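In my numbering, the protein residues as written are 24 to 378. Below is one structure, written out as C-alpha cells; the observations come after it.
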C-alpha cells in the first residue's frame, strides 16, 4: 500500500509551487508534513530475503551482505494491528484522480494500471527475497485476509510448490505475480540464473490457473517480463503473449527498476519510476529482520529508521530519524544512497531548494 491521500495532495501542492522559483527548505518541509498522514502506511513487508536466483539485473546477486532470515511471526501480526486499509470513500476519490490525471481506468491492464489500482491497496509481501521460499506464506495470506487487507507478491515460478500455492489461493491470495524473462530456457537461465527456466514454470503456472478455475477462486495471476533493453526484447515478449493467449492472466511488459545497477539507463514507461519519489512521506517498508528502512529498494538495510520488533510504527514514522531522512531527500543530499543507488528522482532534484 501507499498513502493515496498524500499522493493526491502532493500533486495539488506541486501545481501550486513555481518550479523556477527557489523555495526555502523549512517552508517546503512544513508544507509536506502538513499533508503527510501521521498514521503510517505499509508499502511492503519483506517476509524473507531468501532467494535461489542469480538475476543479472538485481543488486542482491552481487551486493547484498545482510543475513538471510525470515520475519518474526509475532512481528508480522503486530504490524497489521497498527495499520488499516483505505476507506471506500478515499478509494473512490483515488479512482477519479487516476482517471482525470492519467486517463487510466480501473478496468485497464498495464504496468501503470498495476501501480495505480493494485499496489495502493495490497500489502506487498516481497522485497529482496522470493516469498515462495517462505514456508509461512500460506498462513500470512490467511492472516492478511482476516485483518481486511489485500495480499500480493512477486516470485519466480521455478520455485512453485503446488500444494503451498493451492493453500494460498484457498486462503484468499488476491494477486500473485510470476516473473518470466524468456520463453527460451537457455536465455531465461542467462538472465535469472541456473535455478530458473520457462518450460517447467509454464506447466506449473497452467496447473495453478486450472486449480483456480476448478475451485472458483479469485486470485489474479499476473505475468510480467522485464524490459531489459535486449535486442530481441519485443520478439520474446510477443512469444510470451502467445504462450499465455486465452489463459486467464493479467500480463504486461514491466520497466526495469534498477537500471543504476547495470548502468544501462534506457528510460521507463512507468509512472512510478518517472515521477518524483514520494516514499519518505507516503509509505514505510519493513524488512525480514523487522527493521524499518527507507523503502523496498534498500537491499542492504543501510538507512534504518526504526525496528518494528521493538518500536511502534507510529513512533518510527513520526520519529527524528524519519524527519532527518525526509530533509535529506529535500536537499538531495549526497550522503544518502538514494542519490546513487536508485533510478527515482528526489524532490531536491526537481525543485530549487535553499537552506
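Just so it is clear, CB atoms sit at the ideal spot from N, CA and C, and this is done for glycine as well. Computed from a predicted structure; not experimentally measured.
Rounded to the nearest whole angstrom, the CA to CA distance from residue 247 to residue 283 is 21 Å. Residues 86, 87, 88 and 89 of the same chain have their beta carbon placed closer than 8 Å to that of residue 323, with the five preceding and five following residues left out of the count. DSSP places residue 118 in the helix class (H, G or I) of the three-state scheme.
In this structure, DSSP gives residue 314 an extended state, which the three-state scheme calls strand.
Closest option to residue 280, judged by alpha-carbon separation, among 305, 352, 222 and 252: 252. Residue pairing from DSSP leaves residue 152 without any beta-bridge partner. Straight-line measurement puts the Cα of residue 276 at about 18 Å from the Cα of residue 175.
Residue 307 is bridged by DSSP to 65. Taking 8 Å as the cut-off, the beta carbon of residue 294 is found closer than this to the beta carbon of residue 135.
For residue 330, same chain residues with a beta-carbon under 6 Å away, outside a window of 5 residues either side, are 313 and 314 in chain order. A Cβ-Cβ separation of about 4 Å places residue 71 in contact with residue 157 under the 8 Å criterion. With distances taken between CA atoms, residue 285 lies nearest to 82 out of 82, 66 and 64. Cα atoms of residue 192 and residue 238: separation of roughly 9 Å, rounded to the nearest angstrom. Counting along the chain, the unbroken alpha helix (DSSP H) around residue 191 starts and ends at 185-193. Taken through DSSP and simplified to helix, strand or coil, residue 109 comes out as coil. If you keep only unbroken beta strand (DSSP E) runs of at least 3 residues inside the stretch 235-283, you get 243-250 and 273-278. By the neighbour-count criterion, in which a residue is buried when 16 or more other Cβ atoms sit within 10 angstroms of its Cβ, residue 111 is exposed. Residue 101 and residue 168 have their alpha carbons spaced roughly 15 Å apart. Counted as a single uninterrupted DSSP element, the alpha helix (DSSP H) harbouring residue 164 occupies residues 160-169. Rounded to the nearest angstrom, the Cβ distance from residue 145 to residue 201 is 16 Å, too far for a contact under 8 Å. The stretch 295-306 makes contact with the stretch 357-369; the number of CB pairs closer than 8 Å reaches 3 or more. In the DSSP annotation of this structure, the continuous segment of the beta strand (DSSP E) that includes residue 200 starts and ends at 198-202. The Cβ neighbour count for residue 128, taken over all protein chains shown within 10 Å, is under 16; the residue is labelled exposed.
Between residue 354 and residue 58, the beta carbon gap of about 20 Å keeps them out of contact (Cβ cut-off 8 Å).
In this structure, the CA atom of residue 368 is about 18 Å from the CA atom of residue 31. Within the same chain, no residue comes within 7 Å of residue 257 by CB-CB distance, once the 5 residues on both sides are set aside. The alpha-carbon of residue 209 is positioned some 40 Å away from that of residue 357. According to DSSP, residue 368 shares a beta bridge with 299. Between residue 99 and residue 65, the C-beta spacing is not below 8 Å. If you draw a straight line from the Cα of residue 119 to the Cα of residue 266, it comes to about 35 Å.
Using a 10 angstroms sphere on the CB of residue 289, the tally of other CB atoms stays under 16, which defines it as exposed.
In the structure shown, residue 330 falls within a strand segment according to DSSP collapsed to helix, strand and coil.
By the neighbour-count criterion, in which a residue is buried when 16 or more other Cβ atoms sit within 10 angstroms of its Cβ, residue 344 is exposed.
Here residue 179 is buried: its Cβ has 16 or more other Cβ atoms, across all protein chains shown, within 10 Å. A distance below 8 Å separates the beta carbons of residue 106 and residue 63.
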